[in-house]
Structures are given as structure tokens and as C-alpha cells.
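Participant: Below you will find the structure I want to go over with you.
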């Protein structure tokens with residue numbers, strides 16, 4: 002009666018997270034240009050791990066109206082970890098949280114719609130609170146794995162290019178520099 006086989010035939014939806022990170026969804030295409038998306042993706046690679054850690058921590062605080070599904074409501078700026086570097090990039094990180102984490106990944110939901118001024122071309126989120134939808138919380142771990150994979154691709158690509166182009170052992174310094182940058186931003 003030992004060694005039973007374990008079976009679970011539940012359909013686990015496979016989301017192509019790498020495609021979601023790199024490509025704009027139909028909803029976001031009308032709101033964000035390709036250049037802006039590329040910039041947000043770069044900011045995401047630099048600050049994404051610390052943002053996801055912040056989201057994980059905030060998601061553990063339960064809300065009053067549905068504590069099992071939603072976290073407590075917070076302003077977008079609360080999701081940004083406090084450091085000098087994040088203060089320098091606060092505007093871009095807010096856009097990252099809104100366009101990617103809210104509109105694309107659906108990790109953050111808004112309690113009420115933000116005020117959008119078409120004349121000024123500004124989305125005012127100062128009075129809008131966002132909460133973590135715990136139905137999408139597994140996406141955090143998938144995103145973390147994809148961030149690590151993209152950093153690996155960047156590291157291998159730059160190291161290979163440096164190995165082919167530069168003399169002697171410069172490729173080692175290139176690899177160390179890329180890994181140092183990744184770890185520096187991860188600590189932010």
C-alpha cells in the first residue's frame with residue numbers, strides 16, 4: 002500500500018510572462034508607444050524585483066471587505082521602496098506600476114478609476130488607491146523568474162560580445178559589471 006501515484010488533472014493556465022513583459026497588450030498599445038514600453042521594460046528590469054517584494058509584503062495586509070482575495074488599498078507611491086535611486090526614477094516607476102503591473106499584469110487593481118486629463122495628457126493617481134488582487138499573486142513568482150532569465154540573457158550576450166571584441170580578459174570584467182548592476186538594483 003505504499004508509493005501511490007499522485008494525480009492532479011486541474012488545468013493550470015499557462016501565461017506567457019516573457020511575452021507579457023516584452024510586448025504590449027492590446028489595451029496598452031493605444032496608451033503607450035514602443036519607445037516608452039522599452040523604457041518601462043528597462044526600468045522594470047532594474048527595479049522589478051524590489052517592486053515585486055514590496056507588492057508581496059503589502060499583499061499580506063488584509064483588507065476589510067474581502068481579506069482572502071484583496072490586500073489593503075494603498076496609493077501607487079506606497080508600493081515603491083524608499084531609496085535615493087527609486088526617488089530619482091519615481092515618475093518612471095509610477096508609470097511602470099500603472100501601465101505594466103496594473104493594466105498588463107493585473108497584479109494591482111484600482112479601487113476607483115484615476116482621473117485622466119486629456120488636455121494635459123496626465124493620469125492623476127493621487128486620489129486613486131490600488132490593491133493587490135491575490136488571484137494573480139502567483140504571477141509575482143513567474144515574473145521574478147523571467148527577470149532572472151532576462152538578466153542572464155543580458156549577461157551572456159554582453160559577455161560574449163566582449164569576449165569576441167575586446168582583448169584578453171575584459172569579458173570577465175563585463176560579466177562582473179553586469180552582475181554587479183543587477184545585484185545593486187535588486188538591493189534597492
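Residue numbers (this note's numbering): 2 to 189.
Think of the CB as a built atom: it goes at the ideal place given N, C-alpha and C, for glycine as much as any other residue.
(1) Going residue by residue through the region 76-106, where are the continuous alpha helix (DSSP H) segments of at least 4 residues, counting only ones entirely within it?
(2) With a floor of 4 residues, list each alpha helix (DSSP H) that falls wholly inside the region 124-163, ordered by position along the chain.
(3) Could you give the residue range of the beta strand (DSSP E) that holds residue 18?
(4) With a 10 Å radius around its C-beta and 16 neighbouring C-beta atoms as the bar for buried, classify residue 50 as buried or exposed.
(5) Mind reading off the beta-carbon distance from residue 56 to residue 18? Whole number of angstroms is fine, and I expect it under 8 Å.
(6) Report the option in 60, 99, 128, 88 whose CA atom is closest to the CA atom of residue 28.
(7) CB-CB under 8 Å to residue 117, same chain, minus the five flanking residues each way: which ones, in chain order?
(8) Which value, in whole angstroms, describes the spacing of the CA atoms of residue 72 and residue 145?
(9) Using beta-carbon positions only, say whether residue 160 and residue 172 come within less than 8 Å of one another.
(10) In the DSSP output, what is residue 110 paired with across the bridge?
(11) Can you tell me which residues form a DSSP beta bridge with residue 58?
Facilitator: Walking through what the data contain:
(1) Within the region 76-106, the complete alpha helix (DSSP H) runs of at least 4 residues are 85-89, 91-96.
(2) Given a length threshold of 4 residues, the region 124-163 has no whole run of the alpha helix (DSSP H) inside it.
(3) Here the question's residue 18 lines up with position 17 in the chain shown. Where residue 18 is concerned, there is no enclosing beta strand (DSSP E), although the alpha helix (DSSP H) it sits in stretches over 18-23.
(4) What you label residue 50 is simply residue 49 of the chain shown in a count that begins at 1. The residue in question, residue 50, is buried, as its Cβ has 16 or more Cβ neighbours within 10 Å.
(5) Taking the chain shown and counting its residues from 1, the one referred to as residue 56 is at position 55. Taking the chain shown and counting its residues from 1, the one referred to as residue 18 is at position 17. That belief does not hold up - the Cβ atoms of residue 56 and residue 18 are roughly 15 Å apart, past 8 Å.
(6) For the purposes of this step, residue 28 is taken as residue 27 along the chain shown, with counting starting at 1. Ranking 60, 99, 128, 88 by Cα distance to residue 28 puts 99 first.
(7) Taking the chain shown and counting its residues from 1, one reaches residue 117 at position 116. The beta carbon of residue 117 lies closer than 8 Å to those of 123, 124, 125 in the same chain, with the five residues before and after it left out.
(8) As a first step, residue 72 is located in the chain shown; it is residue number 71 there, counting from the start. As a first step, residue 145 is located in the chain shown; it is residue number 144 there, counting from the start. When only Cα atoms are considered, residue 72 and residue 145 end up about 20 Å apart.
(9) For the purposes of this step, residue 160 is taken as residue 159 along the chain shown, with counting starting at 1. For the purposes of this step, residue 172 is taken as residue 171 along the chain shown, with counting starting at 1. Going by beta carbons, residue 160 and residue 172 fall inside the 8 Å limit.
(10) The residue labelled residue 110 in the question sits at position 109 within the chain shown. Under DSSP, residue 110 forms a beta bridge with 132.
(11) On the chain shown, residue 58 is found 57 positions in, with the first residue counted as 1. Bridge partners of residue 58: none, in fact.
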